[in-house]
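Read the structure below first, then the notes.
In this note's numbering, the protein residues as written are 1118 to 1336.
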């Protein structure tokens, strides 16, 4: 890269860094006070920005949430894709896929709370509902393609369309995580048993996924 090219690239890097910091601040603020209660000023204050910095990147809080949703779900899927690499070499691809994915899929309280709150917000606001539907559809399409590819590589035909299986898996995962995240946070041994990132919190999802995937895959 030439000096001229580096100078031209700096504003883009700074803008990308600003967007990332705004997303981080929004995630923490939405989780702390809720999407509706959070103001643009609250987000900017937490991130160390002015309102001008916010509006130079996003027009509304909903647009900000859309970027946050895309970032968080993309990170999750990238981790899953990485874990499923070489799954066809396992003696039990179904069991191995579940164990690998459960070890990496995020179920932290912060993002779960934010996503659940925005879903309720979308139920009351048509514009937000359309935005959420658009981004959820992109997540569904990507997960469907991943399921199709993984099943083909492992030589396991699916008894149901990959798109339908993707919807079931997403609904199952979201339901189990919400059930766990609604348990009040505590400390010590009690927190280890109830916190969604602890292995004990994965037992229900592990069992359900095993029953589901064994039923819809054939050798």
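Even for Gly, the Cβ is constructed at its ideal location relative to N, Cα and C.
- DSSP, read as helix, strand or coil, puts residue 1335 in coil.
- With fewer than 16 neighbouring CB atoms inside 10 Å of its own CB, residue 1158 falls in the exposed class.
- Here the alpha carbon of residue 1293 sits roughly 10 Å from the alpha carbon of residue 1323.
- Taking the Cα of residue 1232 as reference, the smallest distance to any Cα among 1206, 1250, 1221, 1263 is reached at 1250.
- Per DSSP, the continuous alpha helix (DSSP H) segment holding residue 1226 begins and ends at 1226 to 1241.
- Three or more pairs of CB atoms, one per stretch, sit closer than 8 Å, so the stretch 1266 to 1280 contacts the stretch 1201 to 1208.
- Within the stretch 1184 to 1221, the runs of alpha helix (DSSP H) that reach at least 4 residues and sit entirely inside it are, in chain order, 1210 to 1219.
- If you look at residue 1276, you'll find it isn't in any alpha helix (DSSP H); DSSP assigns it neither H nor E.
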